[in-house]
Structures are given as structure tokens and as C-alpha cells.
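Here the structure is laid out as C-alpha cells; the discussion comes afterwards.
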Amino acid sequence: MTLQTILPVQAAQIKEWAEARGEAAWVTEHRLQALEAAPSLELPKPEKTKLDRWNLSAYGTFKAAEAVGQGTLPAAAKDLIDEGAHNLIVQLNSGVVHTVLSEELSAQGVIFTDLETATREHEDLVKKHFGSAVKPGEHQVSALHYAAWNGGVFLYVPKNVELEAPLQAVFLSDDASASFAPHILIVADTNSRVTYVDSYVSAGLAGEVLHNGVVEVIALDGAKVQYATVHQFGKEVTDISFRRALLSNDSSIEWIVGEMNDGDTATDTATVLNGSGTNSDAKIIAIGSGSQKLNYTTRAVHFGKSSESDMFTRAVMREEAQAIINGITKIEHGATKANGQQAEKVLMLSPAARGDANPILLIDEDDVMAGHAASVGKVNPEQIYYLMSRGISKPEAERLIIYGFLAPIIAEIPLELLRTRLQRVVERKLGQ
Amino acid sequence: MATKFVIEGLKAEIEGKEILKGIDLEMKGGEIHAIMGPNGTGKSTLASALMGHPKYEVTAGSATLNDEDLLDMSVDERALAGLFLAMQYPSEIAGVTNSDFLRSAINARRGEGNEISLIKFIRQMEKSMKGLEMNPEFAHRYLNEGFSGGEKKRNEILQMMLLDPKIVVLDEVDSGLDIDALRIVANGVNQMRSEDRGFLIITHYQRLLNYITPDFVHVMMQGRIVKSGGPELAARLEQDGYDWIKEELGITDETVGQEQEA
Numbered sequence: 005m006t007l008q009t010i011l012p013v014q015a016a017q018i019k020e021w022a023e024a025r026g027e028a029a030w031v032t033e034h035r036l037q038a039l040e041a042a043p044s045l046e047l048p049k050p051e052k053t054k055l056d057r058w059n060l061s062a063y064g065t066f067k068a069a070e071a072v073g074q075g076t077l078p079a080a081a082k083d084l085i086d087e088g089a090h091n092l093i094v095q096l097n098s099g100v101v102h103t104v105l106s107e108e109l110s111a112q113g114v115i116f117t118d119l120e121t122a123t124r125e126h127e128d129l130v131k132k133h134f135g136s137a138v139k140p141g142e143h144q145v146s147a148l149h150y151a152a153w154n155g156g157v158f159l160y161v162p163k164n165v166e167l168e169a170p171l172q173a174v175f176l177s178d179d180a181s182a183s184f185a186p187h188i189l190i191v192a193d194t195n196s197r198v199t200y201v202d203s204y205v206s207a208g209l210a211g212e213v214l215h216n217g218v219v220e221v222i223a224l225d226g227a228k229v230q231y232a233t234v235h236q237f238g239k240e241v242t243d244i245s246f247r248r249a250l251l252s253n254d255s256s257i258e259w260i261v262g263e264m265n266d267g268d269t270a271t272d273t274a275t276v277l278n279g280s281g282t283n284s285d286a287k288i289i290a291i292g293s294g295s296q297k298l299n300y301t302t303r304a305v306h307f308g309k310s311s312e313s314d315m316f317t318r319a320v321m322r323e324e325a326q327a328i329i330n331g332i333t334k335i336e337h338g339a340t341k342a343n344g345q346q347a348e349k350v351l352m353l354s355p356a357a358r359g360d361a362n363p364i365l366l367i368d369e370d371d372v373m374a375g376h377a378a379s380v381g382k383v384n385p386e387q388i389y390y391l392m393s394r395g396i397s398k399p400e401a402e403r404l405i406i407y408g409f410l411a412p413i414i415a416e417i418p419l420e421l422l423r424t425r426l427q428r429v430v431e432r433k434l435g436q
Numbered sequence: 005m006a007t008k009f010v011i012e013g014l015k016a017e018i019e020g021k022e023i024l025k026g027i028d029l030e031m032k033g034g035e036i037h038a039i040m041g042p043n044g045t046g047k048s049t050l051a052s053a054l055m056g057h058p059k060y061e062v063t064a065g066s067a068t069l070n071d072e073d074l075l076d077m078s079v080d081e082r083a084l085a086g087l088f089l090a091m092q093y094p095s096e097i098a099g100v101t102n103s104d105f106l107r108s109a110i111n112a113r114r115g116e117g118n119e120i121s122l123i124k125f126i127r128q129m130e131k132s133m134k135g136l137e138m139n140p141e142f143a144h145r146y147l148n149e150g151f152s153g154g155e156k157k158r159n160e161i162l163q164m165m166l167l168d169p170k171i172v173v174l175d176e177v178d179s180g181l182d183i184d185a186l187r188i189v190a191n192g193v194n195q196m197r198s199e200d201r202g203f204l205i206i207t208h209y210q211r212l213l214n215y216i217t218p219d220f221v222h223v224m225m226q227g228r229i230v231k232s233g234g235p236e237l238a239a240r241l242e243q244d245g246y247d248w249i250k251e252e253l254g255i256t257d258e259t260v261g262q263e264q265e266a
């Protein structure tokens, strides 16, 4: 386009916000550079979805956050947190308001803090990895994210440190005029192991909000990262999320994603398997309802030899929800013995809903294995008949089958509380 | 009340093709009836039509259980009224564990507020599984998913034992079973024999009847019961096959749709 794009974020605002935060000069400079590039960049183009008619302008303004104790957190956030959680970050609108890191983890050298603080206290580490997986110049949305990001999480797990218990974060938007663009940066050093779980939620919004979120996971040699996330924004929130992991030799990532928003959503969950012997496993469940427009894309890009990826998406579409479900396996030349598998399954519960499963294999190497399976279908009447023949009512039979369709992924959520909460969200999304 | 199951003039079709041409059968609690006949004669259609499979349409006749009209009921209501069908090809349902499914089925009978306690349920299930020589692990497996043919049939019998029906229809429960599995399944059925329970065993082999002795044997051909008798009829079929009946009745092709127009 030759027309001057009017950006929803202005340089003057960014400078003003930076001042209010007392932000380090290099961070503000990084923001302004991203912003400067934004007008010449295009919108992201997820397969089969045009974002140009989506409302992507509700950035709001930065509102300083005040730290609060766990007891005074808003109910919508508290509901997602175990009492006495040892390692926890809570972001409310534009900033993190609550951080807990156990002495045990701190003594092992684990860093778990909001990203704003990390840019001051761990400048070298952050500089090295921030923006390395999802780059500011990829498209206009990422540029605007890097211009406007706030709060966020920085998690660093030192070499050889293996953490059993999951670390948790909650991101709550409850003020429609406040900017909400958290950035998650996880760096797992050599041979470390960590599980991180987060929830995204909104409550009582009086207007529209854009969540422009980025997740970067950097797994160094031999590191193992498990990342579970549940998005359950209300219909006022448009959710654009880019999640990406970079894998060094022999490292692995496991993505477990619950897409339970009520508003329009485009997410891209990707792993770049740079190293040899790397492993990526992505499991996504999604429920669409109302008149949601949805695009769920999972991607695996293989560079490393003997790298393996699995992608598994299960989506249930109700009412008039419109979903595009892409799975893209890309095997680059030289990634010999790579193995990329994917499966997308969609269950349609209404004739007005739409769910397109779109598997794409792009292979530039001969010595590989790759496979895909995609299916779109209705609840099988034979299965309903079978359950009913044992005395189970039709609605209960349908409920069992739909839950059964999603159960294999729900069971993988590593935090019991979150699993129970997810079950509740699933029930709500299914209108039960 | 003593169980009474009556089928009168039952006709059913699938996709517009009439398969059952008028079935009459009366069973009482405590009785075991066997329906035998070659493939394609409508035996399994009878089972599916009684249970209410959505693909089969009943066009005439009635089926009552203790004077209640089954054909007027939805599939789940028929089950709650006391009808049980052990299916030839049970559905596989991923994500639903066998035990969750069984508990839902039991609780559907007991009603809200009267659900079976978890401990009592587990005790009953484990006891029945032991009797059927089923690996306890099958309780936590997804319903019929990845079960072998024999495991599926045992799972059908397990359901029958836990649901305590009044009329049990076994549709080719012996097909695909080796001799050990056959014996186990038959033991399960024999254990469940009682004065208030009737069994309708559909099979085209006589071998199951070596383990479960029927009181009445009926032969189906061309969508009708063409001959009825006692256990000796099954023995004769085992020895001589079906040809003598066809000859006796002047039938050349016993399958449905091959009968000569009058």
C-alpha cells in the first residue's frame, strides 16, 4: 500500500510510557526502532485468513501498575492460582503486580521476574535473547508488539538445573483503556529442565482490547522445556499470539495449548528445530463458539539432523464459529533423518460452524519421514447409539464423546488446578 | 412381575429395503432362546431393530417388555426399561474410559441424587472383571479402543453383568472368539441366568450352545422365523447344516430378498 498507515501506537506515547517506567535507554531505543519499521511492514498472513478486517488497533494506553499481595489480587486472577504458590508472576493490564520466587529456586540461580525488571537487572542475558525467536521486523504486528510490550515474564534456568514443580504466571486484562501486551522470554540453559504454565484471562471489560502477545523459548543444548498455556479471554479481546521456540542440539520443547477465548483469535505456535537430535511436541485443543473468527497455526521448521516434531490439534466448533486450523511441517535441506508428524482433527457441532483443517508439508530433503492426518467430522451417530443403548441420555452421550475428543490433551496439563479450571472453561465453552 | 417379552409381526427395513418380514416371538424370564440361521437372513437386523439403531426403520408390528411398548421409546429408554444388546461390533470411543462410561450407565439407571458410590462401583466392576478374566487395566483404557475382538466381546458381557437387564440379546457374541474366550463369555452368561431374566442368543454356529443350553431354538431365513424347536434342533443343525430345512420349505436361497414372489 502506498497510503500512509496510521499506527495505533505513537512514538511520543512510547517515550512518555518509558519515562513513567524509568526504563533503560536501550529498551526504549529498541521500542522506537521497532515502531519506526512498522509502517513499511505488512500484517501477518496466516494461511487462509485475512487479518486486515480484524480490529487490531485497541492498544490502549500504558497504565502504571502497583504491586499487590496475593490476597488482594482480583478474583479472576486468584481463581487460577493455588494458595501459597511458590513461584508466581501476575500481570494486571499493563504491568506485573505480583511476583513470588522461592528461596530454593533463587539459591539455584533461577531468575523469574517480570521482563521490565529483567531488562534492568539482567541486561546482558535479556539483550542476547530478546527478539531472537520472534523478530520485530517480521510483520507489523510483531513490530508493534516490540514497540508496545509491557509487563511480561523473564525466566532463566541455569545450566544443569532441573526443576520439578511448574512455575506459573497469570495475565489479566480488566481495564479496556489499558495497554496489554505481555512478552514471555524463557531461556533454558544447557541441560536444564523446566515446566512453565500460564493463563490469560479477562474480566469486566468495558470496551475492546487487543492482546498482542509474544512468547519466546530459547532451549540451549540438552535443555527440556514444557510450556502449557490456556487462553480464556472474553469476547471483548482480540488475541494475536506468536509463540516460538528455538531448539539447540538435543533440546526439546513440549507445547500444551488450550485455546478457549470467546473473541477473535489468531495464534501461531512454532518450533524451530535448529539443532540435531531436537524434539518438538505440540498439543493444542480449541473450542470455538458464537461468531468467533479463529486461526490456529502450528508449525515445525526442521534444520537439525534427526530432529523430530509432532503436532496434534483437536478443535470443537459450535454455533457460527469459523476456524482455520493450519499445521505446517517444513523440513529444510540438510535435515537428514528428520521426522515430522502432524494431525488436525475437528469436531463440528453445528451446521453453521466452519472448521478447515489444513495440513501442509514442505520438504526439501530426501532422507526424512513426514506424515499428516486431518479430519473434520460430526459426532458419530453410531457412537451415540452405542452409549444410549446402555441407558445414557443423548445429551450425556454427546457430552462424553466431546470430552473424550479433548481429554487426551487436557490430561497433559501439568498443573492440577489449571487442569480442573480448564475443564470448567471447556464446559462453559460447550454451553453446559 | 415375571419378565415377559413379546414380539409380534415385526417388520423392519434399512434404506427402504425390507429385511424383517414379520417376526413373532414370545419369551419369559428364565428362558433362553437361540436364533440361528445362515448369514444374511435378518438375525442381526432383528437385534438392531429391537434396540432402536437409527438406520433401521420399523414399519409394522410391536415389541413389548412387561407390556411396555419398546418401539415407542428412544434407545436410552429401551435400555432403562431393561433391554440389553451385546453388540456384534461395539463402537470404539476415544477419550472415554471404560470405567467412566460404566459408571455413567449405572447412574443413568439410579437417577440423580442416588448415584453409586465410587468404592461400591469399583468393587462391583473389579469382581465382574475378575470373573471374565479381564485385565484390571481395561477399566482405565478408552472404551473399546484398541481392544481385540475377544476383548470387546468380554467388555460387552461385563456391561451386561453390571447393568442387570431383564432381556439380554446377544448378537453373534461368539464370532471371532477362541475356545477359551467362548467359555469365559458363556460362563458370564450362565452366571446371569435367573428367573426374571430372559436371553435371546443370535448365532450362526452351534458351538456357543454347547456352553449355554437354550430352551428354544428358532431358525431364521428370508427375514422370518421358519422353524422352531428345542435344543435338539440346534444339535441337528450342527450335524446336518441348514439344507434340510431349505428343502423342507422349498427355499433355494435363504438370504433376505431372494424369496419367490407368491
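Sequence order for the protein chains is F and C. Counting from 5, one number per residue, gives the positions in the first sequence under this note's numbering. Counting from 5, one number per residue, gives the positions in the second sequence under this note's numbering. Where a beta carbon is used, it is the ideal one built from N, C-alpha and C, also for glycine.
**Message:** Going by DSSP in three states, LYS8/C sits in which element: helix, strand or coil?
**Reply:** Your numbering for residue 8/C matches position 4 in the second sequence. Residue state for LYS8/C is assigned as strand, using DSSP reduced to three classes.
**Asked** Using a Cβ-Cβ distance under 7 Å, would ILE97/C count as near chain F?
**Response** Against the second sequence, residue 97/C aligns to sequence position 93. Residue-level contact by beta carbon holds for ILE97/C and chain F, with a gap shorter than 7 Å.
**Request:** May I have the straight-line CA-CA distance separating GLY13/C from GLY26/C, to the nearest angstrom?
**Result:** The residue labelled residue 13/C in the question sits at position 9 within the second sequence. The residue labelled residue 26/C in the question sits at position 22 within the second sequence. C-alpha separation (whole angstroms): 4 Å.
**Item:** ASP370/F, buried or exposed, once every other Cβ within 10 Å from all chains shown has been counted against 16
**Value:** For this step, residue 370/F is matched to residue 366 along the first sequence. Counting Cβ neighbours within 10 Å, ASP370/F comes out exposed, since fewer than 16 surround it.
**Message:** Rounded to whole angstroms, what is the Cα-Cα separation between ARG25/F and THR101/C?
**Reply:** Start at 1 with the first residue of the first sequence, and residue 25/F comes out as number 21. Start at 1 with the first residue of the second sequence, and residue 101/C comes out as number 97. Spanning the two alpha carbons is a distance of roughly 52 Å.
**Per-residue contacts from LEU404/F into chain C (C-beta, under 8 Å)** = The count along the first sequence starts at 1 and reaches residue 404/F at position 400. In chain order: ILE97, VAL100, ASP104, PHE105 and SER108.
**Prompt:** For LEU84/C and chain F, any beta-carbon pair shorter than 7 Å?
**Reply:** For the purposes of this step, residue 84/C is taken as the residue at position 80 of the second sequence. LEU84/C counts as touching chain F.
**Item:** Any chain C beta carbon closer than 7 Å to MET321/F
**Value:** Translated into the one-based positions of the first sequence, residue 321/F becomes position 317. Not closer than 7 Å to any Cβ of chain C, the Cβ of MET321/F fails to qualify, so no.
**Request:** Pick out whichever of THR65/F, ILE291/F, VAL221/F and ALA411/F has its Cα sitting closest to the Cα of ALA22/F.
**Result:** The residue given as residue 22/F occupies position 18 in the first sequence. The shortest Cα separation from ALA22/F among THR65/F, ILE291/F, VAL221/F and ALA411/F belongs to THR65/F.
**Request:** Please go through the same chain and pick out, in chain order, the residues whose beta-carbon is closer than 7 Å to the beta-carbon of LEU162/C, but skip the five residues on each side of it.
**Result:** The count along the second sequence starts at 1 and reaches residue 162/C at position 158. Contacts found: SER132, MET133, LEU136 and MET138.
**Asked** Is any beta-carbon of chain C found at less than 7 Å from that of SER206/F?
**Response** Taking the first residue of the first sequence as 1, we reach residue 206/F at position 202. Not closer than 7 Å to any Cβ of chain C, the Cβ of SER206/F fails to qualify, so no.
**Request:** Could you work out which residue in GLN95/F, ASN91/F, ASP128/F and LYS131/F is closest to VAL114/F when comparing CA atoms only?
**Result:** The residue you call residue 114/F lines up with position 110 of the first sequence. Nearest C-alpha to VAL114/F: ASN91/F.
**Prompt:** Is the CB of MET55/C under 7 Å away from at least one CB in chain F?
**Reply:** Translated into the one-based positions of the second sequence, residue 55/C becomes position 51. Cβ-Cβ to chain F under 7 Å: yes for MET55/C.
**Prompt:** How would you list, in chain order, the residues of chain C whose beta-carbon sits under 7 Å from the beta-carbon of TYR389/F?
**Reply:** Reading the first sequence from its first residue, position 385 is the one you call residue 389/F. Those within 7 Å of TYR389/F in chain C are HIS57, PRO58 and VAL79.
**Asked** Is it right to say ARG322/F is buried, meaning 16 or more other beta carbons lie within 10 angstroms of its own, or is it exposed?
**Response** As a first step, residue 322/F must be located in the first sequence, where it is residue number 318. Here ARG322/F is buried, its C-beta having at least 16 other C-beta atoms within 10 Å.
**Asked** Rounded to a whole number of angstroms, what is the C-alpha to C-alpha distance between LYS59/C and GLN230/F?
**Response** As a first step, residue 59/C is located in the second sequence; it is residue number 55 there, counting from the start. As a first step, residue 230/F is located in the first sequence; it is residue number 226 there, counting from the start. Going by the C-alpha atoms only, they are around 46 Å apart.
**Asked** Ordered along the chain, which non-local residues of its own chain (more than five positions away) have a Cβ less than 6 Å from that of SER437/F?
**Response** Residue 437/F is absent from the model: chain F starts at 5 and stops at 436.
**Request:** Please list the segments of the alpha helix (DSSP H) lying wholly inside the stretch 91 to 116 of chain C, counting only runs of 4 or more residues, in order along the chain.
**Result:** 102 to 114
**Message:** Measuring straight from C-alpha to C-alpha, what distance separates THR6/F and ALA41/F?
**Reply:** The count along the first sequence starts at 1 and reaches residue 6/F at position 2. The count along the first sequence starts at 1 and reaches residue 41/F at position 37. The predicted position of THR6/F is uncertain, since its pLDDT is 42 and thus under 50; a value taken from the coordinates is nonetheless stated next. Their backbone Cα atoms lie some 15 Å apart in a straight line.
**Request:** Compute the distance between the beta-carbons of LYS228/F and THR194/F, then report whether it is under 7 Å.
**Result:** The sequence position of residue 228/F within the first sequence is 224, counting from 1. The sequence position of residue 194/F within the first sequence is 190, counting from 1. Not in contact: LYS228/F and THR194/F (Cβ atoms no closer than 7 Å).
**chain F contacts made by the stretch 158 to 176 of chain C, where a contact means CB separation under 8 Å** = GLN163 and LEU167
**Prompt:** What is the C-beta distance between GLN210/C and LEU241/C, in whole angstroms, given that I count them as a contact (C-beta under 8 Å)?
**Reply:** Here residue 210/C refers to the residue found at position 206 of the second sequence. Here residue 241/C refers to the residue found at position 237 of the second sequence. Sure, about 6 Å apart at Cβ, within 8 Å.
**Prompt:** Which bits of chain F does LEU89/C rub up against, with CB to CB less than 8 Å?
**Reply:** Reading the second sequence from its first residue, position 85 is the one you call residue 89/C. Residues of chain F passing the Cβ test: SER393.
**Item:** Through-space distance from ARG318/F to ASN253/F, alpha-carbon basis
**Value:** The residue labelled residue 253/F in the question sits at position 249 within the first sequence. The residue labelled residue 318/F in the question sits at position 314 within the first sequence. If you draw a straight line from the Cα of ASN253/F to the Cα of ARG318/F, it is about 29 Å long.
**Asked** Can you give the Cα-Cα distance for LEU119/F and VAL261/F, rounded to whole angstroms?
**Response** Translated into positions along the first sequence, residue 119/F becomes position 115. Translated into positions along the first sequence, residue 261/F becomes position 257. Looking at the two C-alpha atoms, the distance is approximately 22 Å.
**Chain-ordered chain F contacts of ALA51/C [CB-CB under 7 Å]** = Start at 1 with the first residue of the second sequence, and residue 51/C comes out as number 47. Those do not exist, as ALA51/C stays about 10 Å from chain F at its closest Cβ, beyond 7 Å.
**Request:** Answer yes or no: do GLU263/F and TYR300/F have a C-beta to C-beta separation smaller than 7 Å?
**Result:** The count along the first sequence starts at 1 and reaches residue 263/F at position 259. The count along the first sequence starts at 1 and reaches residue 300/F at position 296. Their beta carbons are under 7 Å apart, which means GLU263/F touches TYR300/F by this criterion.
**Message:** Three Cβ pairs or more, each shorter than 8 Å: is that satisfied between the stretch 402 to 412 of chain F and the stretch 176 to 193 of chain C?
**Reply:** With a cut-off of 8 Å, the stretch 176 to 193 of chain C and the stretch 402 to 412 of chain F do not count as touching, because too few Cβ pairs lie within range.
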